[in-house]
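**Student:** Numbering (the numbering used here), first residue to last: 17 to 189.
1. Do the stretch 131 to 145 and the stretch 166 to 178 touch if we need at least three Cβ pairs shorter than 8 angstroms?
2. Please classify residue 187 as buried or exposed, where buried requires at least 16 neighbouring CB atoms within 10 angstroms.
3. Tell me the DSSP bridge mates of residue 177?
4. Below 8 angstroms CB to CB, which residues in the same chain sit around residue 107 once its five sequence neighbours on both sides are set aside?
5. Helix, strand or coil for residue 119, going by three-state DSSP, please let me know.
6. In the DSSP output, which residue or residues are listed as bridge partners for residue 75?
7. With distances taken Cα to Cα, identify the nearest neighbour of residue 22 among 51, 125 and 72.
8. Roughly how many whole angstroms lie between the Cα atoms of residue 178 and residue 84?
9. Note down the Cα distance separating residue 122 from residue 64, rounded to an integer number of angstroms.
10. Starting from the C-beta of residue 143, find all residues in its chain whose C-beta is less than 7 angstroms away, skip the five residues before and the five after it, and write them out in chain order.
11. From 104, 79 and 50, pick the residue whose C-alpha is nearest to that of residue 112; which is it?
12. Since residue 57 sits in a beta bridge, which residues does DSSP pair it with?
13. Look up residue 144 in the DSSP assignment and give the residues it is bridged to.
14. Should residue 66 go down as buried or exposed, given a rule of 16 or more other Cβ atoms within 10 Å for buried?
15. Note down the Cα distance separating residue 19 from residue 140, rounded to an integer number of angstroms.
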């Protein structure tokens, strides 16, 4: 396994083969099954019933292309309940640059979505976080590109598997 290049010491990209999460594998399998022969899913293709088992860990992200050469602008359309719990707030319907997060974290997140936008492929990685007064837990994540017109990437389906750090609360079923 190659040495990982960590951005700001908190996130790195990895090859799909390095991801061990059964949840990410299941979401990817469902994404591929729903996609069929098309290159991408649309946001409307994400049927909550078909993705029900993973909904608390899923987010829908909009990628708004800027002027030529400009970085895209990111909006968190919908954030899963466990993602919101883990982040300590629900940032649904919030622009990345308006989250109030540390500028380094905003830049790292922009880099993740930009990678999906540029490669037009699913992207996988690891994140390091502090949790429950302990430091440097890692979790795996995957980002799957979405396109409303079948060509231009304008969003992604995100899955964050931090079940090994913070088990699901089961507050909502």
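No residue lacks a Cβ here, since even glycine has one placed at the ideal position from N, Cα and C. The model shown is predicted, which means the values in this text are computed figures rather than measured ones.
**Tutor:** The short version:
1. Because the criterion of three Cβ pairs below 8 angstroms is met, the stretch 131 to 145 and the stretch 166 to 178 touch.
2. As a working note, residue 187 is residue 171 in the chain shown. Residue placement at residue 187 cannot be trusted, given a pLDDT of 48 that sits under 50; the coordinates are not used to answer.
3. On the chain shown, residue 177 is found 161 positions in, with the first residue counted as 1. Residue 177 pairs with 156.
4. One-based indexing of the chain shown puts residue 107 at position 91. Cβ within range, chain order: 92, 95, 100 and 115.
5. Position 103 of the chain shown, counting from 1, holds the residue named residue 119. It is helical.
6. For the purposes of this step, residue 75 is taken as residue 59 along the chain shown, with counting starting at 1. Per DSSP, 95 and 174.
7. Numbered from 1 along the chain shown, position 6 holds the residue referred to as residue 22. Closest by alpha carbon: 125.
8. Here the question's residue 178 lines up with position 162 in the chain shown. Here the question's residue 84 lines up with position 68 in the chain shown. Rounded to the nearest angstrom, the gap between the Cα atoms of residue 178 and residue 84 is 36 angstroms.
9. By one-based count along the chain shown, residue 122 stands at place 106. By one-based count along the chain shown, residue 64 stands at place 48. Rounded to whole angstroms, residue 122 to residue 64 spans 28 angstroms at the Cα level.
10. Start at 1 with the first residue of the chain shown, and residue 143 comes out as number 127. Answer for residue 143: 26, 27, 154, 155 and 157, listed in chain order.
11. As a working mapping, residue 112 is identified with position 96 in the chain shown. The shortest C-alpha separation from residue 112 is found at 79.
12. Within the chain shown, residue 57 is the residue found at index 41, counting from 1. DSSP, once it has assigned bridges, lists 162 as partnering residue 57.
13. Numbered from 1 along the chain shown, position 128 holds the residue referred to as residue 144. The partner list for residue 144 (beta bridge, DSSP) reads 154.
14. Sequence index remark: in the chain shown, residue 66 carries index 50 (1-based). Here residue 66 is exposed, its C-beta having fewer than 16 other C-beta atoms within 10 Å.
15. Here residue 19 corresponds to residue number 3 of the chain shown, with the count starting at 1. Here residue 140 corresponds to residue number 124 of the chain shown, with the count starting at 1. One C-alpha to the other measures close to 15 angstroms.
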